[in-house]
Amino acid sequence: MQKKECVAVVLAGGRGSRLNTLTTTLAKPAVPFGGRYRIIDFTLSNCYNSQLDTIGVLTQYRPFALQCHVEDGIAPELASCTGGVFILSPYLKDDGGEWYKGTANAVYQNIDFIDQYSPRYVLVLSGDHIYKMDYRFILQQHRLKQAEATISVIHVPWKDTSRFGIMNIGDDFRIHDFEEKPQNPRSNLASMGIYVFNWPILKQYLLADEKETESGHDFGKNIIPQMLQDGRKMFAYPFTGYWKDVGTVESFWQANMDLLGDEPLLALDDPLWPIYTVDSVQPPQCLTEAAITSQALIGDGCIVAGHVDHSVLLPGVCIASGAIVKNSVIMPNAKIGANSRIFGAIIGSGVSIAENCCIGCSSNEKITVIGEHAAHLLHSKAADDILCREDG
Amino acid sequence: MGNLMGIINTVESSQILREMTLHRPLATVPFGGKYRMIDFILSGMVNSAIDNIGILAPYQHRSLLDHLRSGRDWQLGRKKDGLTLLPPPYDPKEKGFEFDWHHFHSNLDFLQKSRQEFVIVASAGVIGNFDFSLPFRFHTEVKADITCLYQKQPSGDQDCPNCILLDIGNDNRVTAIQFNPSQGDNTNFFLGMFMLRKGLLIQLIQTCFAENAADCLFRVISNHLQQLKVYAYLYPGHIARIHCLHSYYRHSMDLLDPQIWRELFQPGKIYTKSKDEAPAKYVGQAKATNALVAGGCSIKGTVDHSILFHRVIVDEGTHIKNSILMPNTAVAKNACLEHVICDKDVRISAGICLKGSRENPLFLKKGTVI
Numbered sequence: 004m005q006k007k008e009c010v011a012v013v014l015a016g017g018r019g020s021r022l023n024t025l026t027t028t029l030a031k032p033a034v035p036f037g038g039r040y041r042i043i044d045f046t047l048s049n050c051y052n053s054q055l056d057t058i059g060v061l062t063q064y065r066p067f068a069l070q071c072h073v074e075d076g077i078a079p080e081l082a083s084c085t086g087g088v089f090i091l092s093p094y095l096k097d098d099g100g101e102w103y104k105g106t107a108n109a110v111y112q113n114i115d116f117i118d119q120y121s122p123r124y125v126l127v128l129s130g131d132h133i134y135k136m137d138y139r140f141i142l143q144q145h146r147l148k149q150a151e152a153t154i155s156v157i158h159v160p161w162k163d164t165s166r167f168g169i170m171n172i173g174d175d176f177r178i179h180d181f182e183e184k185p186q187n188p189r190s191n192l193a194s195m196g197i198y199v200f201n202w203p204i205l206k207q208y209l210l211a212d213e214k215e216t217e218s219g220h221d222f223g224k225n226i227i228p229q230m231l232q233d234g235r236k237m238f239a240y241p242f243t244g245y246w247k248d249v250g251t252v253e254s255f256w257q258a259n260m261d262l263l264g265d266e267p268l269l270a271l272d273d274p275l276w277p278i279y280t281v282d283s284v285q286p287p288q289c290l291t292e293a294a295i296t297s298q299a300l301i302g303d304g305c306i307v308a309g310h311v312d313h314s315v316l317l318p319g320v321c322i323a324s325g326a327i328v329k330n331s332v333i334m335p336n337a338k339i340g341a342n343s344r345i346f347g348a349i350i351g352s353g354v355s356i357a358e359n360c361c362i363g364c365s366s367n368e369k370i371t372v373i374g375e376h377a378a379h380l381l382h383s384k385a386a387d388d389i390l391c392r393e394d395g
Numbered sequence: 009m010g011n012l013m014g015i016i017n018t019v020e021s022s023q024i025l026r027e028m029t030l031h032r033p034l035a036t037v038p039f040g041g042k043y044r045m046i047d048f049i050l051s052g053m054v055n056s057a058i059d060n061i062g063i064l065a066p067y068q069h070r071s072l073l074d075h076l077r078s079g080r081d082w083q084l085g086r087k088k089d090g091l092t093l094l095p096p097p098y099d100p101k102e103k104g105f106e107f108d109w110h111h112f113h114s115n116l117d118f119l120q121k122s123r124q125e126f127v128i129v130a131s132a133g134v135i136g137n138f139d140f141s142l143p144f145r146f147h148t149e150v151k152a153d154i155t156c157l158y159q160k161q162p163s164g165d166q167d168c169p170n171c172i173l174l175d176i177g178n179d180n181r182v183t184a185i186q187f188n189p190s191q192g193d194n195t196n197f198f199l200g201m202f203m204l205r206k207g208l209l210i211q212l213i214q215t216c217f218a219e220n221a222a223d224c225l226f227r228v229i230s231n232h233l234q235q236l237k238v239y240a241y242l243y244p245g246h247i248a249r250i251h252c253l254h255s256y257y258r259h260s261m262d263l264l265d266p267q268i269w270r271e272l273f274q275p276g277k278i279y280t281k282s283k284d285e286a287p288a289k290y291v292g293q294a295k296a297t298n299a300l301v302a303g304g305c306s307i308k309g310t311v312d313h314s315i316l317f318h319r320v321i322v323d324e325g326t327h328i329k330n331s332i333l334m335p336n337t338a339v340a341k342n343a344c345l346e347h348v349i350c351d352k353d354v355r356i357s358a359g360i361c362l363k364g365s366r367e368n369p370l371f372l373k374k375g376t377v378i
């Protein structure tokens with residue numbers, strides 16, 4: 004196999020249980036997002052736009068939708084004899100094989116895949132972040148600093164530091180220590196879960212970590228602290244662009260809202276940084292006589308007869324006349340009945356909301372989620388039934 | 009339908025949409041917000057499980073190659089069968105080069121080599137959501153030599169000029185074929201699609217070539233109506249025949265009726281060259297009613313009764329009404345367009361006001377800057 008300077012591995016096996024009912028039938032990276040995409044499109048497009056052509060996607064939880072999406076989306080762009088995108092699920096080995104026990108174990112189980120390319124560097128990425136990033140810059144810094152590991156970091160609001168792995172760094176970006184979800188943080192530089200490792204060194208740590216029975220086999224909890232403890236040359240790469248971990252209902256909803264407006268926090272239509280995805284094979288959206296749209300992102304195949312304001316509609320959504328959709332995300336093929344009102348909600352794929360329903364409250368800051376399983380329930384409800392739920 | 013192959017004839021129809029078909033065949037004229045004309049017949053064939061499709065290319069076929077590529081977007085990028093572009097005859101000075109049978113003749117190899125027994129020949133000038141399984145069943149059940157697809161149109165319909173009408177007997181047999189008829193009560197309007205045995209098609213092509221008399225392949229069929237069992241099949245569903253700029257405009261605007269939108273797009277999927285456009289974006293005071301909007305559009309102004317293709321930009325204070333804006337049209341602030349068709353890459357400067365009429369929409373050719 005041709006030697007590669009860098010191989011990317013994308014961690015996409017997690018369920019993302021904090022996304023609630025949105026991930027009952029598919030893995031978090033496969034959740035539809037932003038009018039026509041799925042979450043993983045951003046990471047994979049970043050790879051392609053950064054001219055990385057060898058990518059392993061580690062899957063485990065409900066991989067089917069994810070797999071189809073990767074194969075039809077980015078795969079044709081990357082098709083070549085020497086590289087490509089590969090779905091790496093757990094597999095049987097001589098000793099029986101097992102599920103991925105943690106992020107580090109997932110990479111450990113695919114050492115053979117990476118070794119085929121004898122890469123100098125391995126770029127470890129997450130499949131569930133929304134951002135645009137040129138990985139060539141982090142690789143360049145890694146090279147220049149002759150680092151053994153480089154971790155991409157971003158300033159997060161101080162109040163959120165307890166959700167992240169926090170780095171304490173020196174003036175030269177050298178990482179002094181790392182605290183996982185600290186109560187009293189000394190910095191607000193959070194790890195973005197994007198790592199560059201020198202492959203021979205990472206491999207050594209993965210082999211050693213595998214022997215530790217107490218280890219969680221996780222990059223953030225085990226591998227990184229161990230490398231720091233051993234005094235390895237580890238640097239932070241500060242990232243200043245837009246980045247969002249869409250692991251919770253609130254952050255998923257917020258990331259969708261961040262796409263709206265004249266100069267959105269994240270622009271999807273940058274010709275220099277296209278986001279590759281799978282075409283939904285739907286006709287152009289149809290706005291009828293009564294349709295009113297302002298501040299919206301609307302996917303193909305939608306029929307809008309109602310009022311859409313500050314919302315994101317994924318492909319194939321139908322908004323009946325008189326309906327009002329505000330501050331909401333409507334997943335593919337969902338139907339909103341006539342005169343229903345949807346405020347601050349996420350309506351799951353294929354859900355049918357009956358006529359005259361009210362979902363979410365305009366005053367409520369919490370996001371209402373109507374999952375896919377609710378489809379039948381809502382369909383059979385009486386027409387004037389009022390639904391106003393707290394965080395679902 | 010493993011036993012039926014398709015030939016799409018894009019040769020017969022050029023120059024008919026004025027400047028729109030100067031640099032491209034009718035087959036690649038943008039239609040319906042994100043498609044090219046050929047997508048409809050091609051998708052219809054794919055949806056009818058026809059997987060060996062040849063496309064008779066006109067002399068100007070760069071845009072056709074660019075659009076179809078390997079045929080992958082129609083699931084036709086295969087090892088066996090799939091999509092084959094059939095190039096035009098080598099020497100355009102040769103006698104009869106302008107006739108479609110000449111194009112058929114120079115690609116006889118393709119027909120002979122194909123393993124299917126039956127062929128459906130169609131043109132790209134008719135829009136619809138096609139399914140050929142029932143017509144094909146009819147064709148084999150009545151043991152027809154040739155089955156022509158037609159639709160009934162009200163007498164004196166605007167789509168009648170330059171069309172072909174069929175006279176049909178009680179048993180669905182075609183008794184006469186009228187080319188470019190003057191007004192009459194016959195309303196059986198030929199869709200430019202017919203199916204027949206491959207061997208017969210080859211025979212007809214060779215007859216044309218030997219006699220060098222007919223102006224199109226279908227003329228030979230009409231000349232041999234007595235010897236052949238030619239049947240007509242009434243095709244249901246929404247059909248639009250595009251034969252002049254006015255019909256292009258009228259049938260485009262019909263798509264703004266959600267009922268027609270559903271009829272044309274929903275029974276079978278219409279495939280096209282896939283693009284990774286961002287979803288359409290509505291910003292600030294944007295207002296869109298009665299509109300068909302494709303991906304990559306950015307709308308800040310008012311859009312009413314209009315069709316916007318990919319990446320159309322409508323700036324603040326701008327009013328777009330009864331217009332068709334093809335890919336990459338950019339309309340700057342406070343402009344006003346009414347009954348205008350913009351071909352690709354048109355730029356309209358701030359404050360410009362352009363108006364055509366329903367009968368005579370104003371057409372701006374590709375790349376115009378005003």
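Which chain is which? The protein sequence lines are A and B, in order. So that you can map any letter, position 247 of the first sequence is 250 in the numbering used here, and since no number is skipped, the others follow by simple counting. So that you can map any letter, position 249 of the second sequence is 257 in the numbering used here, and since no number is skipped, the others follow by simple counting. Glycine included, each C-beta is placed from N, C-alpha and C at the ideal position.
The residue from A/Arg177, A/Ser83, A/Glu213 with its alpha-carbon nearest to that of A/Asn108 is A/Glu213. DSSP, read as helix, strand or coil, puts A/Trp246 in strand.
When beta bridges are read from the DSSP output, A/Ser129 appears opposite A/Leu14. Assigned with DSSP and collapsed to three states, A/Val110 falls in helix. Interface with chain B (7 Å Cβ-Cβ cutoff): A/Thr296 is included. Judged by DSSP secondary structure, B/Ala218 falls within the alpha helix (DSSP H) whose first and last residues are 206-219.
In its chain, beyond the 5 residues on either side, Phe187, Phe198 have a beta carbon closer than 6 Å to the beta carbon of B/Ile172. In this structure, A/Ser331 sits away from A/Asp312, with a CB-CB distance that is not shorter than 7 Å. Taking 7 Å as the cut-off, the beta carbon of A/Lys224 is found closer than this to the beta carbon of A/Glu183. For B/Gln293, the neighbours in chain A by C-beta distance under 7 Å run, in chain order, Ser297. Per DSSP, B/Gly303 has no beta-bridge partner at all. B/Tyr256 does not reach chain A, its nearest Cβ partner there being about 17 Å away, counting only Cβ pairs nearer than 9 Å. The beta carbon of A/Arg189 lies closer than 7 Å to those of Asn171 in the same chain, with the five residues before and after it left out.
Within the stretch 133-169 of chain B, the runs of beta strand (DSSP E) that reach at least 3 residues and sit entirely inside it are, in chain order, 134-136, 154-160. Of all C-beta pairs linking the stretch 93-102 of chain A to the stretch 123-131 of chain A, fewer than three are shorter than 8 Å, placing the two stretches out of contact. For A/Leu209, not one C-beta of chain B is nearer than 7 Å to its own C-beta.
Looking at the backbone, the Cα of A/Thr106 and that of A/Pro66 are separated by about 16 Å. Any Cβ of chain B closer than 7 Å to the Cβ of A/Cys289 would place that residue at the interface, and such an atom is present. When secondary structure is reduced to three states using DSSP, A/Asn336 falls in the coil class, being assigned neither helix nor strand.
With a cutoff of 7 Å on beta-carbon distance, B/Gly177 and B/Leu34 are scored as not near each other. For A/Met4, the secondary structure class from DSSP, reduced to helix, strand or coil, is coil. Under the three-pair Cβ rule at 8 Å, the stretch 360-372 of chain B counts as touching the stretch 246-265 of chain B. Between A/Tyr51 and A/Gly16, the C-beta gap is not smaller than 7 Å, which leaves the two residues out of contact.
By a beta-carbon distance limit of 8 Å, B/Ser51 contacts B/Gly276. Their separation comes to about 7 Å. In the structure shown, B/His232 adopts coil according to DSSP, grouped into three states. Per DSSP, reduced to three states, the secondary structure at A/His179 is strand. Listed in chain order, the non-local C-beta contacts of A/Trp202 below 7 Å within the same chain comprise Ile117, Pro122, Arg123, Tyr124, Val125, local neighbours out to five positions each way being set aside.
Here A/Pro160 carries a coil assignment [DSSP, helix/strand/coil]. Taking the Cα of A/Val199 as reference, the smallest distance to any Cα among A/Gln207, A/Glu151, A/Gly173 is reached at A/Glu151. The alpha carbon of A/Ile77 has as its nearest neighbour, out of B/Tyr98, B/Pro287, B/Lys283, the alpha carbon of B/Lys283. Around the beta carbon of B/Tyr43, 16 or more other beta carbons lie within 10 angstroms, which makes this residue buried. At a cut-off of 7 Å between beta-carbon atoms, A/Leu47 makes no contact with chain B. Annotation: B/Leu225 to B/Cys216 spans about 7 Å, alpha carbon to alpha carbon. For A/Val34, none of the residues of chain B pass the 7 Å Cβ criterion, the least Cβ distance being about 16 Å. In summary, the residues of the stretch 68-87 of chain A whose CB is separated from some CB of chain B by less than 8 Å are Pro79, in the order they occur in the chain. Unbroken beta strand (DSSP E) stretches of 3 residues or longer found wholly inside the stretch 236-320 of chain B: 238-242, 247-249, 288-290, 295-301, 310-316, given in chain order.
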